[in-house]
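Accompanying notes for the structure given below.
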Amino acid sequence: MLGGVKSPTAIAAVLAAACGNDPGPPDVPPTLGETGLYADVATRTVAPEMRPFTPQYPLWSDGAAKQRWIYLPEPIDASRADWQFPVHTRVWKELSVGGRRVETRYMVRTPAGWRYATYVWNADGTEAALAPREGLASAEVAPAHRIPSEGECRACHANGATPVLGFAALQLSIDRDPDAPHAERPAPGSLDLASLLATGELAGYTGSIAPRIAGSPVERAALGYLHANCGGCHRADGPVAAVGLDLTDPAAARRTAIGRPSDFGAPKLRVAPGAPADSVLLARMRALDPLSRMPPLGTRVVDDAATHLIASWIDQLADNQHLETRR
Amino acid sequence: MKTTTLMFALFALHTAACADKSQPTAGAHAPSPVERGKLLAETSGCHDCHTPLAMGPNGPAPDMTRALSGHPAALAMPPAPELPPGPWLVTVGATNTAWSGPWGVSFTSNLTPDPETGLGTWKQQQFIDTIRNGRHLGVGRPLLPPMPAAGIAKMSDDDLSALFAYLQSVPAIKNKVPAPIPPKAGPVASK
Numbered sequence: 001m002l003g004g005v006k007s008p009t010a011i012a013a014v015l016a017a018a019c020g021n022d023p024g025p026p027d028v029p030p031t032l033g034e035t036g037l038y039a040d041v042a043t044r045t046v047a048p049e050m051r052p053f054t055p056q057y058p059l060w061s062d063g064a065a066k067q068r069w070i071y072l073p074e075p076i077d078a079s080r081a082d083w084q085f086p087v088h089t090r091v092w093k094e095l096s097v098g099g100r101r102v103e104t105r106y107m108v109r110t111p112a113g114w115r116y117a118t119y120v121w122n123a124d125g126t127e128a129a130l131a132p133r134e135g136l137a138s139a140e141v142a143p144a145h146r147i148p149s150e151g152e153c154r155a156c157h158a159n160g161a162t163p164v165l166g167f168a169a170l171q172l173s174i175d176r177d178p179d180a181p182h183a184e185r186p187a188p189g190s191l192d193l194a195s196l197l198a199t200g201e202l203a204g205y206t207g208s209i210a211p212r213i214a215g216s217p218v219e220r221a222a223l224g225y226l227h228a229n230c231g232g233c234h235r236a237d238g239p240v241a242a243v244g245l246d247l248t249d250p251a252a253a254r255r256t257a258i259g260r261p262s263d264f265g266a267p268k269l270r271v272a273p274g275a276p277a278d279s280v281l282l283a284r285m286r287a288l289d290p291l292s293r294m295p296p297l298g299t300r301v302v303d304d305a306a307t308h309l310i311a312s313w314i315d316q317l318a319d320n321q322h323l324e325t326r327r
Numbered sequence: 328m329k330t331t332t333l334m335f336a337l338f339a340l341h342t343a344a345c346a347d348k349s350q351p352t353a354g355a356h357a358p359s360p361v362e363r364g365k366l367l368a369e370t371s372g373c374h375d376c377h378t379p380l381a382m383g384p385n386g387p388a389p390d391m392t393r394a395l396s397g398h399p400a401a402l403a404m405p406p407a408p409e410l411p412p413g414p415w416l417v418t419v420g421a422t423n424t425a426w427s428g429p430w431g432v433s434f435t436s437n438l439t440p441d442p443e444t445g446l447g448t449w450k451q452q453q454f455i456d457t458i459r460n461g462r463h464l465g466v467g468r469p470l471l472p473p474m475p476a477a478g479i480a481k482m483s484d485d486d487l488s489a490l491f492a493y494l495q496s497v498p499a500i501k502n503k504v505p506a507p508i509p510p511k512a513g514p515v516a517s518k
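Protein chains in written order, with the numbering used here: chain B, 1 to 327; chain P, 328 to 518.
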């Protein structure tokens, strides 16, 4: 029965098949090339149906450069704020450090739900292999870069009503924020609200193609940054909803952060208008110890551009309050 | 002989692989999730750190009137002693609920279903994610020593669900455990 079958994985597959429990093809194949991202793996030529997108407020990943692609087999149900992606949707995010590909994160919606995986690039950049589910302490081509575990993927992506982050109305607005920290120039052919509507891939979408955060340039960029970097967890329906901090949208951020007491740094405020040094939100962005650091996942390096931006925003809040008092 | 042995081994392997492990042995009492969870809690050492020790006639013993309620809020700990350089690394409070080491100071959590200070408002998936990811509520700060999350994370979802069911069944005890203290720098490091 097992003649010629040597690896533990293969033996397990044969035994499962013998029991009538054939698991079928894996949701996440052993190499990145097998996920279908590339038309030609050898030249890293991305298949034309895997289309690039570039969120206007990128997630800080300790300075790693990113490229992203999505495959949509059918239109998205965009009739509500949390877009619902069709079965067989696939999404990739490639991270590079120092100009070298380090890892490509992958998520796919199977009929049974979303699956998450990470592929780690080899030293010569010719192929990326599936990382262990528990992640890796460092990547082959970037020793300081940590590869997330499957649980960490789920921790960020399986929090809200949709697990696809960075692919939503504000992030794909055609009115891009020039002051967004680490703003990326959209890759040629990048999807945005206009192109998705033109191809009929946003079913039920009734919003503007140019949503933007109202406010001064600093406020716009600051709230956009918080939306992208903090709102994944700090939301009304997330696992830390009990904290009562909602940074998903500007109105909620203003309501739950500004002038609100912090449980963590009591008696300080989450955001103390005019007082960056007394604002716990900023202090935790600057913290390095794992008990205090925010976000707690995916970053170990302080985002200086963002902390300067947030400090400026907090400074400006005092001016805003002063003006409102005078009215 | 060799062939017979190989065939026997393969038969055993096949039988084991096909066995439905969720079914109890015939005649055995099928434990409820709470019973299963109680067994797991007792054999996995949950009480060791989450039930405070109290001094009794036979020495320190778990104070079961405060079972699984974590570090007593009323027991304010003085600063942990500074250890000299050398192989000694960790100090532990007399209750076994406060631990100091390179990670800072950790206080064991209230695992009872008290809604304000324990796990009363937690959902089963949050508990599973906490253990699986080794992070508070699955997404927050890392769980700290001496919590053996990496080992407990190897339990199946069914076992973790049973453990959660048991923890939700024990008497709720109101006890607000202090937040952990980061090493040296205080609660918040800022530039």
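No residue lacks a Cβ here, since even glycine has one placed at the ideal position from N, Cα and C.
As computed with DSSP, residue 96 (chain B) is found in a beta bridge with B:65, B:101. Closest in alpha carbon position to residue 74 (chain B), among B:89, B:68, B:83, is B:89. Per DSSP, reduced to three states, the secondary structure at residue 170 (chain B) is helical. Looking only at P:388, P:402, P:430, P:405, the smallest Cα-Cα distance to residue 511 (chain P) is reached by P:430. Residue 186 (chain B) has a beta carbon lying at 8 Å or more from every beta carbon in chain P.
The closest CA to that of residue 425 (chain P), considering only P:415, P:404, P:437, is found on P:404. The straight-line gap separating the alpha-carbon atoms of residue 367 (chain P) and residue 486 (chain P) is approximately 8 Å. Taking 8 Å as the cut-off, the beta carbon of residue 500 (chain P) is found closer than this to the beta carbon of residue 439 (chain P). At a Cβ-Cβ threshold of 8 Å, residue 434 (chain P) and residue 504 (chain P) count as neighbours. A straight-line Cα-Cα distance of about 33 Å links residue 453 (chain P) and residue 52 (chain B). Within chain P, the residues 464, 466, 467 have their CB atoms less than 8 Å from the CB of residue 240 (chain B), given in chain order. With a threshold of 8 Å between beta carbons, residue 363 (chain P) makes no contact with chain B.
Interface residue (Cβ-Cβ distance to chain P less than 8 Å): residue 291 (chain B) is classified as such. Excluding the 5 residues flanking it on each side, residue 381 (chain P) has same chain C-beta neighbours closer than 6 Å at 390, in chain order. Non-local C-beta neighbours of residue 509 (chain P) in its own chain, meaning closer than 7 Å and more than five positions away in sequence, comprise 431, ordered along the chain. Between residue 466 (chain P) and residue 302 (chain B), the gap from beta carbon to beta carbon reaches 8 Å or more. In the three-state DSSP reduction, residue 225 (chain B) falls in the helix class (H, G or I). When 9 Å is used as the limit between beta carbons, residue 456 (chain P) is near these residues of chain B: 151, 154, 155, 158, 239, in chain order. Contact between the region 77–92 of chain B and the region 105–113 of chain B is present: 3 or more CB-CB pairs across the two stretches fall below 8 Å. Counting along the chain, residue 44 (chain B) sits inside no beta strand (DSSP E), nor does DSSP assign it H or E at all.
By the rule that beta-carbons nearer than 8 Å mark a contact, residue 230 (chain B) does not touch chain P. Listed in chain order, the positions of the region 412–443 of chain P with a beta carbon within less than 7 Å of a beta carbon of chain B are 431. For residue 116 (chain B), the beta-bridge partners assigned by DSSP are B:107. Rounded to whole angstroms, residue 115 (chain B) and residue 37 (chain B) show a C-alpha spacing of 16 Å. Below the 8 Å Cβ cutoff, chain B contributes 149, 151, 152, 154, 155 as neighbours of residue 460 (chain P), in chain order.
For the region 94–115 of chain B, the set of residues with a beta-carbon nearer than 8 Å to any beta-carbon of chain P is empty. Around the beta-carbon of residue 87 (chain B), fewer than 16 other beta-carbon atoms lie within 10 Å, marking it exposed. From the beta-carbon of residue 297 (chain B), the residues of chain P found nearer than 8 Å are 462, 466. Of B:127, B:170, B:213, the smallest CA-CA separation from residue 54 (chain B) is found for B:170. In this structure, B:110 is the residue among B:96, B:110, B:40, B:66 with its C-alpha nearest to the C-alpha of residue 72 (chain B). A residue is called buried when at least 16 other Cβ atoms come within 10 angstroms of its Cβ; residue 159 (chain B) meets this threshold and is buried. Where residue 383 (chain P) is concerned, there is no enclosing alpha helix (DSSP H), although the beta strand (DSSP E) around it starts and stops at 380–383. By the 16-neighbour rule on beta-carbons within 10 angstroms, residue 385 (chain P) is exposed. In its chain, beyond the 5 residues on either side, 379, 380 have a beta carbon closer than 6 Å to the beta carbon of residue 422 (chain P). DSSP, read as helix, strand or coil, puts residue 431 (chain P) in strand.
Under the 8 Å criterion on CB atoms, residue 475 (chain P) is classed as non-interfacial with respect to chain B.
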